[in-house]
Amino acid sequence: MMANSLAYRLSIKAGVLAKKVKLSIPYDDKKLGARSSKEIKAFYFDYSSKKWKVDPTSKVDAEKKVVTVEGDGDTDYINGVISVPESSQLESFAPTSISGLKAADPTAGLQLMGVPSANQKGDANANYPIRVPSGLGGLQPSLSIGYSSGGGNGWMGDGWNINGLSSISVDTRWGTPEFDAAGETELYSLDGEMLVYPNQYLPHRHNDLSEYNTAITTEKQLRTDHTDPNSSLVKKFYLRKNHDFSLIERIGNSPGGYTWKVTSTDGTKRYYGGSPDSMLSGVGGISHWGLRMIEDVHGNTMNFTYYNVGGGGGQFYQIEKISYGRNKDYTVNFIKESSITRKDISINAKQGFARSEPYLLKEIQVKYKTELIRTYKMDYIDGEFYKTLLKRIYIVPHNPCSTTLASKGEIRDIDDGSGGGGGTSGGIDPTCNEITDSYTFDYYNDVRDGQGNVKIYGPDTFIGLQHDKHAYSGFIRGLIKPSKINGNISSEKGFNFRPAAGLNFFYPSNDAYGHLMLGFPFGYSNSEAKNAQQLTDFNGDGIQDMIYRVPDEGLFLRTGYLDGSGNLAFNSSQPIGNYSGDFSFTETKTTNSGWDIGAVIYSKSQISSSSTSKTKTYLIDANSDGLTDIVHNGEVWFNRFDRNTGKSEMTKHSEHTENMIVKAKAIQVPIPCTEKGCPQDPVLPPTPITDVVKVWIAPKDGYIKFTDRIIISPSSYGMVTNPPQKMYYSVEIVNPTPLTSGSLIYYINGRIYLTELHAGDPVQNVTISRYNDYYTQMQNVPQNGINSNWGINNPNRLFVKSGEKIYIRLHKNLEQNYAIDSDPKITYVDPTSGAEISNNFALSQDYFQLNNGTYGDNMFLNNISAPIYLDAQGTATITVPSITFPYLTDKVNFRIVSENAAGIITDLITPETYDQQNLVTQAHSINLNVSASEPVHLRFIVESDSHTNFYTANWNGQISVNYQASTSINPNVQVYFLPIPEYPSFAVNQLTNKLHVSQLPNPGLSGNHNFGIQINKNIGNFSSLGTGSFYYIIKRGNDILAKRVVVISHTNSILVEKDMTTGQTINGISPIDFYTGDPTIVNGDSSKLITVQVYCKTGGDYALFNNYANYFQGKPFTVYYDNVNIFADTSATAVNTAMYNTKSVFFNNWGQFLYQPGSFSDYTYGPPIQATAFTADVTTQNTYPQCQGITNNADLAACILNTTTNPNAGNNTVANTVAQMKPRFVKPKGHVMIFM
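Each residue of the sequence shown is one higher than the last, beginning at 84 in our numbering.
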C-alpha cells in the first residue's frame, strides 16, 4: 500500500534514543480498492526471523492518509493489508458451503511415538522420530530415538539408541582382526550386513582361490589382488545378502589408511572415515568407520562429526553433530554429559581395543545457525543393579521469551497479524520452556515384587543325585561336604628362609629385634589346582550338567534334565570317551623376597611378592556348536554328544562335529610336554597410556625453527642393561598438506621428529628448519603395527599460523619410565635466510616478546587445579612473607580463602590490591581452625586483568602451611605444605605491531588533532555473533589508559560497553584518547606506541570475539580524531585467551599437560595428538540459560558477566584425552624439590 512502492528505514547512526520516535508513513489509497483504510497495518522487518511483522503501535489517520508508528531501533517499515481470499481456487472453500469441512485433528503437529512392534527374533521395538528441517534437494537426516528390548546398554541407557546413522565396521563374530600387512584378514559389515570381497572371498572361510578347486580354506587373499583396474587403491565389495547394486569401494593400501565410499543407484555418495573423529583404530589398523559425509548428484552435502575421546577406561565414540543445508546452516547437535555420572559403564574390546560408554546423551538440539529450533531432552533413572534407564523424552521448542511479550501495549508482541488480530488486552502469555511433547516410560521389574522386596532367588531346593561315582575319596567326604557346583583339589609346596644378623649392647632389651637386627627373608612356592567337579551345560541343551573326574577312572558326565514339575534332576553317570585327563588345571608359582631392619626405637621392613598363574586346561566352546570342549596343553578336544545314548566323546578333529573349523594348512604336531601342561605366554591386559607433553602456541603467523638437546638422564636408570633402556621422544606439528574428503578440507597433526632414545647414548642436538629434515632418519625408528610413524615429507620451511601448537612429546614406556633431559626452543626466522628474527619493542605486549626463549626459561609454577585439602580436626598455621614487585602493568589482587564442599568461599584476609604505586606486599601469619565435619580447601589466589608476569617476583616456595591435626589413628599428625598460588594464565594470539596513528591509512588529514580509539559498535545483524563478553585494555608502556568490557547477546540483539574502572555504561561514541599531534609526522618515540589488548576468559568468548572481528573484516576497533570523526579502522594488537586453562596453564605461550590416548597392551609411540584434543574451536556457544528472559539491557549484561567471572570455570574446550599437571613443592631436609 506504499506510494510509489517505497519503504522507509529508521536507522540510528550514533548514540541512544532517550524515548521512542513517532514515524508517519504515507499510504496509497488508490490501492485499497473495496477495502477500508482501517485494514491498513504498518509492518516492520524482523531480521532475526527474516519476516515482516505487524507493528502493534500503528495507527491509521484517514484524513492525512498516513500510518503512524513508534519505534526506538534500527528497522525497515512498509504499509500493507493482510489479504484473505474468499474463493481463490476451484478447490478452495466458499463461505456458502461447509460440505468439505473436516473435524479438527487434536494430534496435528504432535510427534507421536510409533506403536511398539516385535521383530522376527521376538524383540520389542519402538521409534520416536526426530523432526528436522528439510534440506536442499531433500537431503536431510532421517533420525529417530529407538528402543529394542534386545538392545545393549548404550549412551541412552538400556535398550535405547539413535537410529538412522550408518557405519562400516570390522566384523568380530569370528574373532578380533589380525590386520595382516599382506593378506586380507578383516571381515567387514555395513550397518550390520556382511560384506563380501571380490571373487567371493571371506577371510574366515571361503572357496579356494582357484575356480577349479572346491576345497574350503582360509588361505589369505592378497591385499593387492582383485583391485579396481583403474586404481590399485580401490577394492570393490558387495553385500552378502540382498545386494542392492550399490557400488561399495574400499580406498587405500593398508589397514591403517582405509576409507570407504558407497554409491547408491540414484548417484548419492556416502563417505565413511577419512577424518580423525570418524574412525576408531586399534593396534594395527582401523576397525570402525563412521559415516562422514553424504553427497547427492546436485552437489548438496550433509556432514557428520563424532565424539571420539578417551574416557571410562576406553574410547568413547558417538555421533556429535550433523550439519546440512546451504552453508551447513542446519545442525542437529547431540549433547553428552559434561562429566561421568552413570554407574553402569560398559567396556568391550571386541575390535582389538577398549570401547566404553561412560557418558549419557543429555539432549538433542536442532538449530538453524545459532538459533535453537527445538530441543529433545532426556531424563534418566537408575534401575536394578544400577542399570541406567531412560525415564522420559520431551521436547522444548525454541524459547519465545525473547520475542513474545506479555502486554499488547508493548512493541512487537504479535508476530505477523495472523495470531489473534492484534492480541488481547493482556497480550500473549509467555510460554518459556514450554514442553510440547513428553513421553514417560515405565519398565517391568522382575527383580522385585509388588511390595518392593527382592525376589532374585527362590527358596532352597534339594536335588537328589545317584551316588554311583564320586570325585572325592571317602576320607575327604567324611570330613567335609564338597560343593557340587564347583569343587577343586589343590596342593602347594615351597619354602621360606630368613637369614639374619643382630647386635646387642650391654643392657637388657625386651624389643623383638633386640638392640639392632637385620634380616633378608625370601621364599618360593608352587601350587596346583584342578577342578574335581563342576556344574556346567556340557551337552548344549541349555540345562546344567555335572562333569567330574573320578580318580583312576577318568571323566564322567551326569546330564541334567527337568522333571515333570520343572525341577532340575540328573541322570546316572556316563563316562566321557577318548579323554581321561583333567578338565581344569592351573599352576601358580610365587616368589617373595625382601629385607627388614629393627632397632630399639625404629623398625622397618619391605617384602615384595610375585605370582604367575598359568591355566593349561580349561573348558570352552571352541567351534561355536553349543557343546563344551576341552583345551588341554594347547590342543582342543572337541565334544561329540550322542543324544540317543546320552554319552559324550572327545576328538581332536572338528570335522567329526557339527561345526567344522576350517584351516589353511595342517597344524604342526604339538611339541611333547615334559611336565604337566605346556606353558603359554601370559595375555597382558591393556595399560592406560599417559604421555608427558610440552606445548607451545604460536602467537602469530610466521616461519619458525625448532631446537632441543635430548638425552635419557643417567640418574634415572643407573646401570645400562642389555638391551639398553629406551624411551620414545617426538615433535608434532600441523601437517601443511591438507586432506580432502569430498568438499571437506581439513588438517591433521604429523611428526617432524621421532627417535628411540637409549640409555648411555650421548646428547642428541636437534635442529629442525624444514618439515622433512629428519624424515629419512625417522624411517629407521621401529614402527608399530600399522606400519607408520606419521612423518611429514615436505621440503618447505616450518610455518605456523597464530594459535597453532607444537607438541614435544615423551611417550610412556610400558615397562618403566625414565627421565629425559630436554629444553626445547622455538624461534621465528626469516623465510629466506632462516636467520632468527630479533625481538623489538614494537612487536611485543608488556613483557611478552616474539621469541621468549626455551621451555625452561618460561617454566613457571601455577596451581589452578589442586588446592590444599584439610580434612582432620586441627589447626593450620599459615605464614605469608612480604615480596616486592619490580613493576606492575596492571592492578594485582591477592587473596587467601577457604572453600568448603558446598563451594562457599570465606576470605581469611581482607583482599589486598597492589599497583605501580604500591609494589610491596603485606606479610601475614594466620591460624585456621579446621573441623573434621567440615573439611576445606585452602587457596591462595592472585588476580589481575592483564598482568601475568610473576616470573621474577612471586610467592612460590615462600608461603608455608604447618598443619597440626588429630585423627582416630594418630592423635598427633603434623603436615608441612609449601603451597603454590593460583596466578592469571593467558595464551597470546594474533600478535601484531603496536599502534601509532602515522601507521594507519590516512584519509587526508594533517595538522594537530586529538586521537582516540574505541570498539566499533555499529552492528546491524547480531545473528552471527553469539552471546558472551570480552574486555579490551589500552596501554601506553606500563600505563593503562582505559579498560572496557563488551557484553553481547545475539538472541536479544544488544551490545553493552562498560568502563571496568567506574562500572558506568558507555553509550555511543566515546573514544579513549591516546595521542595528540600531526598524523602525517612519523614519530620515532616508542613511548608513544600503544597496545590494544583483548582478553577472552573462555573458549566461547574467544569464538565470540573472532566472530565480532570478522564482522568488521578483522578490524573491530575505530580510531577517531577530535572525538567524533572517523580516522581509520584497526585490529587488536593481541588477543589473549584463558580458554586452555582446563588443559594447561601457560606462561609466554609455553605449557605442559598429560596426554591420554587410551589403553594399549603393546604401546610404543602411537599416532600424533588429535587436532581436536587441544583445539581452539568450541563445539557449543554458551547460551547463558540463566540469563534468558531478562529484558533490561543492564541486568542482562550483568548476568552474562557474572556467569564468566572465573576463566577456569565453564570452559567448553575441555578434552577427555588431556589432563592438567598439578605442581607441588616437597621439602626434604636441606633442599626443596619441585614435582609436576
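Note that the Cβ used here is the ideal one computed from N, Cα and C, for glycine as well.
Bounds of the beta strand (DSSP E) holding Gly606 are Phe605 to Thr619. Inclusion of Ala1070 and Ile780 in the CB contact set at 7 Å is warranted, their separation being smaller than that value. Per the DSSP secondary-structure output, Ile795 pairs in a beta bridge with Ile903.
Following the DSSP letters along the chain, one finds Asn1012 inside the beta strand (DSSP E) bounded by residues His1007 to Val1013.
With respect to the 7 Å criterion, His1030 and Val975 are classified as neighbours on the basis of their beta carbons. Exclusion of the five residues before and after Ile1137 leaves Asn1276 as the residues of its chain whose Cβ lies within less than 6 Å of its Cβ. Note on Leu893: 16 or more other CB atoms within 10 angstroms of its CB, so buried under the neighbour-count rule. When Asp157, Lys133 and Pro109 are compared, the shortest CA-CA separation from Ser141 is found for Pro109.
Take the alpha-carbon of Ile680 and the one of Phe605: they are about 14 Å apart. As a beta-bridge residue in DSSP terms, Leu601 pairs with Ala584 and Ile680. The C-beta distance from Leu222 to Tyr160 rounds to 38 Å, too long to fall under 8 Å, and the pair is not in contact. Beyond the five residues adjoining it in sequence on each side, Leu1083 comes within less than 8 Å, by CB distance, of Pro1162, Val1202, Phe1210, Ala1211 and Thr1213 in the same chain, given in chain order. Beta bridge pairing from DSSP links Phe639 with Tyr631 and Pro658.
Contact between Trp343 and Ile251 is confirmed by a C-beta separation of about 5 Å, below the 8 Å threshold. Inter-residue distance for Asp311 and Tyr413 is about 37 Å (C-alpha atoms, whole angstroms). Annotated three-state conformation of Met861 is helix, per DSSP. In chain order, Tyr442, Leu443 and Lys445 place their CB closer than 7 Å to the CB of Glu420, counting only its own chain and leaving out the 5 sequence neighbours on each side. For Leu1172, same chain residues with a beta-carbon under 6 Å away, outside a window of 5 residues either side, are Lys1077 and His1079 in chain order. In the three-state reduction of the DSSP assignment, Asn922 falls in the coil class, being assigned neither a helical nor a strand state. In the three-state reduction of the DSSP assignment, Ser573 falls in the strand class, which pools E and B. Between the C-alpha atoms of Asp725 and Asp254 there is a straight-line separation of about 33 Å. Minimum Cα-Cα distance from Thr471 among the listed residues Lys324, Tyr321, Leu562 and Trp243 corresponds to Trp243. DSSP, reduced to helix, strand and coil, places Phe436 outside both helices and strands of the structure shown, so it counts as coil. As the crow flies, the alpha-carbon of Tyr1248 is around 37 Å from that of Tyr469.
Gln616 is positioned such that its CB atom lies closer than 7 Å to that of Ala554. Counting along the chain, Leu248 sits inside no alpha helix (DSSP H), nor does DSSP assign it H or E at all.
In this structure, Ile1096 sits away from Ile1149, with a CB-CB distance that is not shorter than 7 Å. Annotation: Phe1188 is outside any beta strand (DSSP E); the continuous alpha helix (DSSP H) that includes it extends over Gly1182 to Tyr1194. With 16 or more neighbouring CB atoms inside 10 Å of its own CB, Gly229 falls in the buried class.
Classified as exposed, Gln1000 has fewer than 16 neighbouring CB atoms from the shown chains inside 10 Å of its CB.
According to DSSP, Ile405 shares a beta bridge with Phe387 and Val415.
With a cut-off of 8 Å on Cβ pairs, the segment 1009-1019 is not in contact with the segment 911-927, counting fewer than three such pairs.
With contact defined as three or more Cβ pairs closer than 8 Å, the segment 445-464 and the segment 256-267 are not in contact. Counting C-beta pairs closer than 8 Å gives three or more between the segment 823-837 and the segment 353-369, which meets the contact rule. With a 10 Å radius around the Cβ and a threshold of 16 neighbouring Cβ atoms, Trp257 comes out exposed. Between Trp238 and Phe387, the alpha-carbon positions lie close to 18 Å from each other.
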